[in-house]
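If you read the sequences in order, they're chains A and B. Per numbering that gives the first Met the number 0: the first sequence = residues 0 to 167. Per numbering that gives the first Met the number 0: the second sequence = residues 0 to 70. Idealized CB from N, CA, C, for every residue including glycine. Predicted model, so just to flag it, every value in this text is computed and none were measured. Structure first, commentary second.
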Amino acid sequence: MPSPTYVAIATTTVGSGGASSIDFTSIPQTYTDLVVRLSGRSTTADADMYISFNSNTANYSRRVLRGNGSAASSTSGSDRYVGTIDSSGETASTFGNWEIYVPNYTTSNNKSYSIDSVEENNATQAFQYMIAGLWSNSAAITSIKLEFIAAGTFAQYSTATLYGIKSS
Amino acid sequence: MPTKLIVDCSTGVTTEVELTAEEIAQREADAEAAAQAKADEEAAAAAKQAEKEAIAARLGLSAEELSTLFS
């Protein structure tokens, strides 16, 4: 029975000036799957995050299941949307948790990904997301970028870590 | 000036870089496109919900009964 390994490849923490995006580059091609975990908050009301692989912004699609504490809904679209983290509207100094799993990132087939995230808010409403996504591209993934494409900015102390998963 | 963080996984080093004017313009264009896509998506979801409620009404079901049926 193979033993999968879970290795922290790189991590970063946002400084006092904030950041509009976090871009993991030069990703090693020696793992089977990739995981990014983010503890994050936006300094503005905009907390909608978008992803891109290899700086490519085309040929993405996704299906979203969303709950807010009282109701559930689903949406779909052909874009890079990957849910929200805490915005300036959530309780001060709280951070949302967000994780993406990208299996077989070096394959020449299209790349699927799944996302599990939840906001933290001391109120009756906090959003939770489950997202299934697809990037229709044959290139191996060498970079992953998380960004706000409107006014959002990652707040100080937001932390993202890229992990590699290897089956040995 | 907005900045971006670039994490080089081969070295583990994070570099903070200011966005160029071109990147800022692209960001604004992307934001407009995303807002339009989101509005279209919400309109489609609202239309679908209205259609469901119309069907429920034809069947003599309330919105709550329809929700119970499919939850």
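Can you find a CB in chain A that lies within less than 8 Å of the CB of residue i?
| i | result |
| --- | --- |
| K3 (chain B) | yes |
| T67 (chain B) | no |
| T19 (chain B) | no |
Any beta carbon of chain B sitting closer than 8 Å to that of residue i?
| i | result |
| --- | --- |
| V13 (chain A) | yes |
| I84 (chain A) | no |
| S92 (chain A) | no |
| D78 (chain A) | yes |
| G88 (chain A) | no |
| D32 (chain A) | no |
| S20 (chain A) | yes |
| F23 (chain A) | yes |
| I8 (chain A) | yes |
| S72 (chain A) | yes |
| G16 (chain A) | yes |
| P3 (chain A) | no |
| T42 (chain A) | no |
| I50 (chain A) | no |
| I26 (chain A) | yes |
| T158 (chain A) | no |
| T152 (chain A) | yes |
| L161 (chain A) | yes |
Is residue i buried or exposed, if buried means 16 or more other CB atoms sit within 10 Å of its CB?
| i | result |
| --- | --- |
| G11 (chain B) | exposed |
| G95 (chain A) | buried |
| Y59 (chain A) | buried |
| R62 (chain A) | exposed |
| E50 (chain B) | exposed |
| T152 (chain A) | buried |
| E21 (chain B) | exposed |
| K110 (chain A) | buried |
| D39 (chain B) | exposed |
| G16 (chain A) | exposed |
| I114 (chain A) | buried |
| L161 (chain A) | buried |
| L37 (chain A) | buried |
| F69 (chain B) | exposed |
| K47 (chain B) | exposed |
| L58 (chain B) | exposed |
Query raised in the report: Which residues, in chain order, does the stretch 25-37 of chain B contribute to contact with chain A at a C-beta distance below 7 Å?
Result: R26, D29, A30, A33 and A36
Requested in this report: Could you please tell me which residues of the stretch 39-65 of chain B, in chain order, have their CB closer than 7 Å to any CB of chain A?
Outcome: E40 and A44
Query raised in the report: Do the stretch 1-8 of chain B and the stretch 39-59 of chain A meet, that is, are 3 or more Cβ pairs less than 8 Å apart?
Result: no
Query raised in the report: In chain order, which continuous runs of the beta strand (DSSP E) of length 3 or greater are located wholly inside the stretch 4-46 of chain B?
Result: 12-17
**Report entry** Cβ pair count under 8 Å reaching 3, the stretch 71-79 of chain A against the stretch 112-125 of chain A
**Finding:** no
Query raised in the report: Can you give, in chain order, each stretch of the beta strand (DSSP E) that sits fully within the stretch 103-153 of chain A and has at least 3 residues?
Result: 110-117, 127-134 and 143-147
Query raised in the report: Touching or not, the stretch 102-117 of chain A and the stretch 133-140 of chain A, by the rule of three or more beta carbon pairs under 8 Å?
Result: yes
Query raised in the report: Is the number of C-beta pairs between the stretch 87-105 of chain A and the stretch 10-24 of chain A that are closer than 8 Å three or more?
Result: no
Query raised in the report: the stretch 134-150 of chain A: which residues have C-beta closer than 8 Å to a C-beta of chain B, in chain order?
Result: E146, I148, A149 and A150
Requested in this report: Please list the residues of the stretch 95-114 of chain A that have a C-beta atom closer than 7 Å to any C-beta atom in chain B, keeping them in chain order.
Outcome: none
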